[in-house]
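Residue numbers for the sequence shown follow the working numbering, beginning at 64 and rising by one. Below: the structure, in structure tokens.
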Amino acid sequence: MLLILQCIRDRHDFPLVLLAALVCALTAIGTVRLSRQIRWAHGREKTAWLATTGIVAGLGIWATHFIAMLGYDPGFVFGYDFAETAASLAIVLGTSVAALLLAARFDSKTGSFCSALLMGGGVAAMHYLGMAALEMPAIIRWDLGYVVVSVVLAIAPFTLAIPLALRGQSAGTGAAAAMLMAFAVVLLHFTGMTAISLIPSRADFSSDTMMSPRAMSLWVFVAAFSTLAIAATAAAISRRAEIMMRRNERLNNERLELVGRRLDLALENMHQGLCLFGADGQLVLWNQRFLEMYRLAPGDIRLGMTMRDIAQAAIGNRAPPAEIERRVMRVLNNLDAALESHGRAPDVSEYDDFVVSVRSRPLPDGGWVSTFDDITEQRRTEARIEHLALHDGLTGLPNRSKFNDLMDRAIDIAAHSGARLGVVVLDLDGFKEINDSRGHAAGDEALKAVAASLREAMLEGQNVARLGGDEFAATVLFRENHELADFVDRISTCFNGPSGSGAGDFVVKASFGVAAYPEDGLDREQLCNNADLAMYRAKENLGERICYYEKGMDESARYRRQIAADLRGAAERGELIILYQAQRTLKDGCISGYEALLRWHHPARGLVTPCEFIPIAEETGEIFAIGEWVLRQACREAARWPEHHMVAVNLSAVQLGLPNLPEIIAGILVETGLPPRRLELEITETAIIGDKARALHILRKLKAMGVSIAIDDFGTGYSSLDTLNSFPFDKIKIDKSFVTGSEDRPQARAIIRAVLALGRSLDVPVLAEGVETHLHVDLLQAEGCDQVQGFLFGRPQCAPSLMAAAGMEVDGASAGSAAAHMLHSAGSTPS
């Protein structure tokens, strides 16, 4: 070391040594500065920057060496061989560029060592080739030890300097890299200069073939200036690029930070819980929603936890301790299945007050993401929708669809257990009157009260439902008949008290139909139909509220359904005909009019009586079309009769309920040309009692048109004097049952006398039906009856207009003589 210092002091010009050190430091700084630029470069741009950096390093090191050489004083006249000097420059340039390219490509200790060996070796080769370029009258002898040390000192610093220059980030690492590079060059030079000894020699050398120190200083100046110029230019470009890169990097960091904040915000405000797992199965990320869903504290979940750990912590807050392990194993098994199927099937877990749907999806890096969706409210909504779909909205009882399911299940249970199933269908009596008189709100209250009573009457295994309107049904499994009877009695007691609320309480009654499996039916439809048949039978029988199905009921129902089906279109097919029965006055025996009587000639059943098909027509609504057809045909026929003959047509109670009945009749009268005074409508008192106010309103409108109104079958219905007081009827008709029974029953004769006396008092003419014998005529004449109708005076026949066309007298002398003869034969004469 002492020899090195002596070499610097005794053999070198100190100012030039300082200049060489300054050039070396600037070269090292420029090299490090340019090396940092490759961080933002790629491809060819990166290679160009490395080549530029290597050229700057090579030129600077070469200039440093020869500036120091210019300051070296060997004590002889000396010069420089041009070829060897140029070769030394080429060597240091090539090795510097190659070393940096190698270090940039191979980021490892081996790559760093090889690049340092290449660069340090190149600098050493440049130094010693430059020394060999010296031309002077002396022989250079080398100290091999110093030579080896100089080469080592050139290579060793570069092993650290090159990686720090290329990959360091801070200013400190840059300064360290520059210092190491400068030390490597300086130590190599001065150690190498210490290794030489000069021995004078008389060898001739020509000054013409070498460069003088003055010329060499010019080339060194050019090299140093080029180095500094290239370094400064590259540094300026690098600085500008670095500023832009740092600005872009700052912007990118700000964007990333903003994206990160937004991602955090999105994660924390997700409706779903989320857990992200890495390829090692450990937790990487989770959000606050996941913690809230499972009632977890922030410290309960940590990075690196496995799915088992998380499941145990989460489920432990939602399930009893005895169920935790079973549920954890279920979660893990479902997770494996979901990852194998790429997350297609969610896992739904139900707790007491919490339902969660978990969906796990695999990620490309081998991890997976699990999302947790709280579907508790969705399940509640689905349950409400299902309840609404299967239950009645007003009463809360099961509806018909739910009742069908309950019945099917009950039939299966009965079939497999050997039990029996009872089905009770009940329909409220007079419910329409409640709605009409008190309003639909009162009707709804009555239905809710009935439903509540029925629900309370049910025991375990028994069901009740509202099928629609005011119809309910109940089922019970039983083995003994008395069990079914007790069940029906318990239901019937629900209708013993008042329904509704407040001061307007009212009593609701019901009719019950009962059928049992298996004797009354083997399937739901048959059982319900048979229970319906029994219920309708109970409604038909006054005073009977409960009716058990009997085998003959379905035959009667099938007959009624067949009649109803055949009755549709019977008029169009020509099966319906109208017969006319004469009505005569007892005073002179003349015809006063005819009653139109409907008959049905069924193509297969023959003659079907009105008492069979009229009630069915009323039930099905076919009575409207049939009634209108009868009115039109009768009026058209009556229009062909003499002016004083009237036509009497029966009106059904159902027809009387038509609000537009007066308009229909008015249209028929206009169409047929029959004067309203010649039409007489016969109304039974029962038809009026059903809805008295509306019926009387319609009758008054008809009477205002000029149509006559007769009360038919008087004495067989309610026979209320209030009815006669409420409406001025044009005629009273005594039912034929009293006339035919007058021969042997004093009560019948008394009723006839009473009705005739009532007619005289009210000044209303009375017509007696069913007059078949002379005794009937004697009785009626003695009591002052006005008109008669019956087989004695003529059976129902075809239209009078057709009889007249056939040559038969409808009215006139012959008809009057025949009637007078019958009266005379009976022991009386017309008055």
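Beta carbons are placed, not taken as given, at the ideal position from N, Cα and C, and that holds for glycine.
Other residues of its chain near GLY117: CB distance less than 6 Å, five sequence neighbours each side excluded: Residues of the same chain with a CB within less than 6 Å of the CB of GLY117, apart from the 5 flanking positions on each side, are SER159, VAL160 and LEU163 in chain order.
Cβ-based burial, ALA360 [other Cβ within 10 Å; buried from 16]: Exposed: under 16 other Cβ atoms inside 10 Å.
The region 577–588 touching the region 473–481, judged by at least three CB pairs closer than 8 Å: Segments in contact, yes.
Alpha carbon of ILE225 to alpha carbon of LEU113, nearest angstrom: A straight line joining the alpha-carbon of ILE225 with that of LEU113 spans about 12 Å.
Beta-bridge partners of PHE790, as assigned by DSSP: Its beta-bridge partners do not exist; DSSP assigns none.
Same chain, Cβ closer than 6 Å to THR439, neighbours up to 5 away in sequence not counted: Cβ within range, chain order: PHE417 and VAL418.
Three-way DSSP call (helix, strand, coil) for GLN525 in this model: Of the three classes helix, strand and coil, the one that applies to GLN525 here is coil, per DSSP.
Beta-carbon proximity check, GLY485 vs VAL571, cutoff 9 Å: No.
Expected contact under 8 Å - CB spacing of VAL712 and ALA697 to nearest Å: Their Cβ separation, rounded to whole angstroms, is 5 Å, which keeps VAL712 and ALA697 in contact under 8 Å.
Alpha-carbon to alpha-carbon, PHE169 and GLY429: Computed Cα separation, rounded: 30 Å.
Span separating the alpha-carbon of LEU639 from that of ALA659: Between LEU639 and ALA659, the alpha-carbon positions lie close to 12 Å from each other.
Pairwise C-alpha distance: LEU346 and ARG365: Looking at the two C-alpha atoms, the distance is approximately 8 Å.
Beta-carbon proximity check, LEU491 vs VAL513, cutoff 9 Å: For LEU491 and VAL513, yes; Cβs fall inside 9 Å.
Beta-carbon contacts of ALA758 that lie in its chain and below 7 Å, excluding the five residues immediately before and after: Once the five neighbours on either side are set aside, the close Cβ partners of ALA758 are LEU719, ALA750 and ILE751.
Where SER404 sits in the DSSP three-state scheme: Here SER404 sits in coil by DSSP.
Residue ranges of each alpha helix (DSSP H) within the region 175–228, 4 or longer: DSSP runs (the alpha helix (DSSP H)) wholly in the region 175–228: none.
Residues that HIS837 bridges to, as DSSP identifies them: Note: HIS837 sits in no beta bridge, so no partner.
Cβ-Cβ distance between LEU251 and ALA217 below 9 Å: Pairing LEU251 with ALA217 gives a Cβ-Cβ distance under 9 Å.
SER880, buried or exposed, once every other Cβ within 10 Å from all chains shown has been counted against 16: The predicted model places SER880 with a pLDDT of 41, which falls under 50 and marks its position as unreliable, so this point remains unresolved.
Residue range of the unbroken beta strand (DSSP E) whose run includes ILE654: In this chain, the beta strand (DSSP E) harbouring ILE654 covers 654–665.
Among VAL851, TRP431 and GLY208, the one whose alpha carbon lies nearest that of GLY656: For GLY656, the closest of VAL851, TRP431 and GLY208 by C-alpha to C-alpha distance is VAL851.
Within-9 Å CB hit, ASN467 to chain D: No chain D is part of this structure, which consists of one protein chain only.
LEU639 - partner residues in DSSP beta bridges: BP columns for LEU639 point to TRP663.
Where TYR622 sits in the DSSP three-state scheme: Residue state, collapsed to three classes: helix.
C-alpha gap between GLY123 and ALA88, whole angstroms: If I take the Cα positions, the gap works out to 9 Å.
Cut-off 8 Å between Cβ atoms - residues of its own chain near ALA188, not counting five sequence neighbours on either side: Counting only Cβ-Cβ distances below 8 Å, and skipping sequence neighbours, we find SER151, ILE154, VAL155 and THR158.
Local Cβ density within 10 Å of LEU319, reported as buried at 16 or more and exposed below that: Answer is exposed; the Cβ neighbour count stays below 16.
Separation of ILE373 from ASN380, as counted between CA atoms: Distance between the alpha carbons of ASN380 and ILE373 is about 11 Å.
Proximity to LEU510 [Cα-Cα], best of LEU522, ALA528 and GLU523: Among LEU522, ALA528 and GLU523, the Cα nearest to that of LEU510 belongs to ALA528.
Reduced DSSP category for GLN232 - H, G, I as helix; E, B as strand; rest coil: DSSP places GLN232 in coil when its eight states are reduced to three.
Beta-carbon contacts of ALA342 that lie in its chain and below 7 Å, excluding the five residues immediately before and after: Counting only Cβ-Cβ distances below 7 Å, and skipping sequence neighbours, we find ASP428, GLY429 and GLY430.
Rounded separation between ASP455 and ASN467 - CA only: Spanning the two alpha carbons is a distance of roughly 14 Å.
Per-residue DSSP class, three states only, for HIS454: HIS454: strand per DSSP, three-state reduction.
Close beta carbons around LEU737, own chain, < 6 Å, minus the five adjacent residues each side: Excluding residues within five positions, the ones whose Cβ falls inside 6 Å are CYS698, ALA701 and ALA702.
Neighbour-count burial assignment, TRP205, 16 or more Cβ in a 10 Å radius: Using a 10 angstroms sphere on the CB of TRP205, the tally of other CB atoms stays under 16, which defines it as exposed.
Continuous alpha helix (DSSP H) assignments of at least 4 residues falling wholly in the region 448–506: The alpha helix (DSSP H) runs lying completely inside the region 448–506 and spanning 4 residues or more are 463–480 and 494–501, given in chain order.
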